[in-house]
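Novice: Here it is: the structure, laid out below.
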Amino acid sequence: MNTLTKLALGLMGQLKPRPAVDAAAIELPPPRRGGGMALMEALQRRASAREFEPAALGEQLLSDLLWAAAGINRPEAGGRTAPSAMNSQEVQLHVAMPQGLFRYEPAAHALQLRVSSDVRRVTGYQDFVDSAPLDLVYVADHGRMQLVPAAQRERYAFAAAGAMAQNVYLFCAAHGLGTVIRAWFDQHAFAQAMGLEADQQLLLCQTVGQVKGDRQP
Ligand SMILES: Cc1cc2nc3c(=O)[nH]c(=O)nc-3n(C[C@H](O)[C@H](O)[C@H](O)COP(=O)(O)O)c2cc1C
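The following block contains the structure:
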């Protein structure tokens with residue numbers, strides 16, 4: 013669907029998800045935590061992409077990607093790969109795919125089905141989001157920020173989501189994938205499609221996939 017159609021449907025309150033194919037919870041293989049590209053080289057390659065192949069990521073690559081974004085790297089303390097203010101861990105990572113919308117559960121390292129619809133096209137006004145294999149969705153759970161002064165919660169959550177997004181940028185650079193962080197979406201249509209609760213706030217989105225014309229990593 014093109015951008016103008018999305019804007020028009022959004023104005024009429026009619027920007028809606030598509031039915032999902034084959035929705036179910038997804039078990040992930042353990043993430044691979046060793047090896048990979050040198051950090052300085054990944055930084056050298058980091059860039060945004062906006063043209064993607066529709067092919068799904070393999071389950072190992074998806075597992076590694078989610079761990080890089082929000083996984084537990086210090087199990088004894090439940091520490092994560094990205095920082096959060098007072099270790100609130102308030103940013104929940106969701107994944108929009110053709111099979112549905114899932115929430116990443118770091119402790120179980122699994123994807124929990126949240127919505128049985130393909131919400132990808134509602135995740136942004138740009139047309140590539142409809143067919144790229146997945147969109148990461150960063151949602152703040154304000155209920156987890158009781159220790160943070162109320163006036164600071166939103167900006168702290170955006171900072172935490174930004175740190176996670178940069179982990180994803182570097183992961184993608186190191187694995188020959190394309191990605192782009194995005195804030196241009198219909199907030200209302202998107203929150204409705206996700207069935208967000210009052211204390212949940214939609215922060216950012218990030219498309220991930222193989223760049224059009226590139227070989228499969
Ligand atoms: C907060 C934020 C919001 C953004 N929103 C969008 C967006 O909605 N759509 C998009 O295509 N790019 C978006 N971008 C990506 C920027 O356009 C991109 O990072 C910038 O052009 C620099 O390009 P580079 O990432 O390749 O260095 C966003 C970036 C940030 C930090």
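This note's numbering puts the last residue of the sequence shown at 229; the count rises by one with no breaks.
For each residue, glycine too, the CB sits at the ideal point set by N, CA and C.
Bear in mind that the values here come from a model prediction, so they are computed numbers and not experimental data.
Does the stretch 90-110 come into contact with the stretch 122-141, if we say contact requires no fewer than three beta-carbon pairs (one atom in each stretch) closer than 8 Å?
Specialist: yes
Novice: Taking all protein chains shown into account, do 16 or more other C-beta atoms lie within 10 angstroms of the C-beta of D147, making it buried, or fewer, making it exposed?
Specialist: buried
Novice: In the DSSP assignment, find the unbroken beta strand (DSSP E) run with L113 in it and report its ends.
Specialist: 112-117
Novice: Can you have a look at P145 and say buried or exposed, based on whether 16 or more other CB atoms are within 10 angstroms of its CB?
Specialist: buried
Novice: Here's a check: name, in chain order, each residue in its chain whose Cβ is nearer than 7 Å to the Cβ of L160, leaving out the five neighbours to either side.
Specialist: This sequence places Val at residue 160; Leu is not what is there. Same-chain partners within the cutoff: A97, M98, S100, Y168.
Novice: With distance defined between alpha-carbon atoms, name the residue in V127, A163, A119, L78 nearest to A37.
Specialist: V127
Novice: Hey, would you say D153 sits closer than 8 Å to D211, going by beta carbons?
Specialist: Yes.
Novice: Is D273 helix, strand or coil by DSSP?
Specialist: Residue 273 lies beyond the range of the chain shown here (13 to 229); nothing can be said about it.
Novice: Rounded to whole angstroms, how far is the Cβ of V134 from the Cβ of F64, which I believe are closer than 8 Å?
Specialist: Actually they do not touch by this definition, with Cβ atoms about 17 Å apart.
Novice: Please report the Cβ distance between L40 and L19, rounded to the nearest whole angstrom; I am assuming they are in contact, meaning their Cβ atoms lie under 8 Å.
Specialist: L40 to L19, Cβ: 36 Å. No contact.
Novice: Are there any heavy atoms of ligand 2 lying less than 7 Å away from the beta-carbon of P95, as far as the coordinates show?
Specialist: The model depicted lacks ligand 2 and carries ligand 1 instead.
Novice: DSSP three-state label for P169, please.
Specialist: The sequence given here places Ala at residue 169; Pro does not occur at that position. In this structure, A169 counts as helix in the three-state DSSP scheme.
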